[in-house]
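A.B. asks: Please read through the structure below; I'll follow up with questions.
Numbering (our numbering), first residue to last: 227 to 759.
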């Protein structure tokens, strides 16, 4: 198909679900110069080319509102998975099984400077703990290794890696949680980054792009940057790469130092800061670092907020006054209240967001329902996996807290801008895993309809980003970003949602092509024109 034809194309023989309402659907869609120029049930004239979709269904391209792009690309291209869920159980489920897995990884990766191991499921291990420093030293024969718990909020390191990072202390067990884990991740990424070659980057970009095409994802919110590393060369590299990628990227810089964030404004369509890292108010349930008012069932500890209320107030106000959209991780009720109290002290200039919002108090729910300038990004797929396989909530939290999980339906019905996301690499970027968690929620009475679930990946994130004039629904004048599916996504249920087949992803009216992952392909991409992120 030549360029002239692509600039003026009529898509036909399809069902074009606009997502403006649940029922609005047309049979024809015209695209001119990358934007939708016609929607209707009668065939228009004047289009140079026609493309039959063979009775398939069309929806707006999906938007993942919270993932970590550098980790997703680099770690997936050069890391190993420790635990998997097979036949309804965690494998391996003992420390001895983990030892065997790590020893095998070391044998097949003798030249690697650092071993990065992901998806360790501490709640599924019989011993109920991470391996300690001494065990990792023995299993790897003294090599550098970091092992991440599945939620990404605790880790275990070998002696060699701890010494390289300058955090080794005699007698320590090498298991890091809370601020000790969170605020050292920039240095860990610097160490991992030493092994990042053009080949690794090419493979990482290709893998990520191909997954987005597979799942119909046209845009992502990338929460990246390490506030504990002053120069952070990896994030500068990421910004340049993201500005040339096929998939739309919106970068949230994980810096509290706004002078550090200022350097990236030339890349950004809208200045944005926050996310995880130094913008985290607390940790996670699985790592016992989410901040609650009630103690954990198994340890009796409550978890602590990483910042005082005064510090949070100052962070939020300064970033808002400087013109940034703000995103902040808060999982436990105490952390959520800290963010809400921070915003209550001034009138925000634009919509900001709270990431996760997983265990709010009833009062916090009332407060956010009364606001019109706070969005929440959620990952109910993790809750779904936990209920069926991980069982960490049952093991670690009192029953009352489990029942306090984010009330999805209540928030949606009160007009809160709820946005779906994967938190990749914590979970795969498959959006239908998250939508399964929404329509079959831990709290059944708070489950969403399929239309509501799709809204969290289309019109809601577009509104959160302030880009509803271009994205989120199929409307004349908007960018022609859409997916083509064999199934009517609105008719999916918990039994069929795992069988979705996305046939094609179109961005600005052009079909996205899968990448091969070669260095030549990567260099050609980088040599092309850039765009805002």
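We put the beta carbon where it would ideally sit given N, CA and C, even for glycine.
#1: Have a look at 748, 244, 601, 592 and flag the residue whose alpha-carbon is nearest the alpha-carbon of residue 267.
#2: Judging by CA-CA distance, which residue of 472, 507, 536 is the nearest neighbour of residue 530?
#3: Is it buried or exposed, residue 274, if we count other Cβ atoms within 10 angstroms and call 16 or more buried?
#4: At which residue ranges does the stretch 265-318 contain complete alpha helix (DSSP H) runs of 4 or more residues, listed in the order of the chain?
#5: Report all residues from its chain with a CB closer than 6 Å to the CB of residue 236; omit the five preceding and five following residues, and keep chain order.
#6: Determine the direct distance from the alpha carbon of residue 574 to that of residue 458, and round the result to whole angstroms.
#7: Please look up how many angstroms separate the CB atoms of residue 450 and residue 294, rounded, as I've assumed it's under 8 Å.
#8: So for residue 387, helix, strand or coil by DSSP?
#9: Are the beta-carbon atoms of residue 605 and residue 660 separated by less than 9 Å?
#10: Taking the alpha carbon of residue 712 as the point to measure from, which residue in 703, 723, 704 has its own alpha carbon closest?
#11: Going by beta carbon distance, what residues of the same chain come within less than 6 Å of residue 332, once the five residues before and after it are set aside?
#12: Just curious, the alpha helix (DSSP H) that residue 696 is in, first and last residue?
#13: Give the DSSP bridge partners of residue 645, in chain order.
#14: When you compare the CB positions of residue 385 and residue 359, do they come within less than 9 Å of one another, or not?
#15: Out of 503, 535, 381, state which residue places its alpha-carbon closest to the alpha-carbon of residue 766.
#16: Please report how far the alpha carbon of residue 589 lies from the alpha carbon of residue 596, in whole angstroms.
#17: Smallest Cα separation from residue 350: which of 427, 599, 611, 755?
#18: Which whole-angstrom value describes the C-beta separation of residue 428 and residue 744, a residue pair presumed to lie in contact below a C-beta threshold of 8 Å?
#19: What three-state label does DSSP hand residue 608 in the structure shown?
#20: Could you give the distance in angstroms between the alpha-carbon of residue 247 and the alpha-carbon of residue 717?
#21: Closer than 6 Å by C-beta to residue 240: which residues in its own chain qualify, once you throw out the five before and the five after it? Chain order, please.
#22: Within 10 angstroms of the Cβ of residue 337, are there 16 or more other Cβ atoms? Answer buried if so, exposed if not.
#23: Between residue 291 and the rest of its own chain, which residues show a CB-CB distance below 6 Å, the 5 nearest in sequence each way excluded?
#24: Closer than 7 Å by C-beta to residue 369: which residues in its own chain qualify, once you throw out the five before and the five after it? Chain order, please.
#25: Please report the straight-line C-alpha distance between residue 228 and residue 238, rounded to a whole angstrom.
#26: Kindly indicate if chain C contains any beta-carbon less than 9 Å away from that of residue 484.
#27: Just to confirm my understanding: we take residue 250, look at its own chain, exclude 5 residues before and 5 after, and list those with CB closer than 8 Å. What are they?
C.D. replies: The answer reads as follows:
#1: Nearest to residue 267 by C-alpha distance, out of 748, 244, 601, 592, is 244.
#2: For residue 530, the closest C-alpha among the options 472, 507, 536 is that of 507.
#3: By the neighbour-count rule (16 or more Cβ atoms within 10 Å), residue 274 is not buried but exposed.
#4: Segments of the alpha helix (DSSP H) lying fully in the stretch 265-318: 295-304.
#5: These residues qualify, in order along the chain: 256, 273, 276.
#6: A direct Cα-to-Cα measurement between residue 458 and residue 574 gives close to 29 Å.
#7: About 6 Å; that satisfies the 8 Å criterion.
#8: In the structure shown, residue 387 sits in a helix (DSSP, three-state: H, G or I).
#9: Taking C-beta atoms as the reference points, residue 605 and residue 660 count as a pair closer than 9 Å.
#10: Residue 712 has its Cα closest to that of 723, out of 703, 723, 704.
#11: Hits under 6 Å: 366.
#12: From DSSP, residue 696 is part of no alpha helix (DSSP H); its letter is neither H nor E.
#13: Beta-bridge pairing links residue 645 to 603.
#14: Closer than 9 Å, so yes.
#15: With the chain running from 227 to 759 in the structure shown, residue 766 is simply not present.
#16: Their backbone Cα atoms lie some 11 Å apart in a straight line.
#17: Closest by alpha carbon: 611.
#18: Contact flag correct, Cβ pair sits at about 6 Å.
#19: If DSSP states are grouped into helix, strand and coil, residue 608 belongs with the helices.
#20: Rounded to the nearest whole angstrom, the CA to CA distance from residue 247 to residue 717 is 15 Å.
#21: 279, 282, 284.
#22: The residue is exposed, with fewer than 16 neighbouring Cβ atoms inside 10 Å.
#23: 447, 603, 645, 647, 687.
#24: Here the set comprises 332, 341, 384, 386.
#25: Interpretation of residue 228 is limited by its pLDDT of 40, a score under 50 that renders its predicted location unreliable; no figure is taken from the coordinates.
#26: The structure shown has no chain C; it contains just one protein chain.
#27: Around residue 250: 243, 244.
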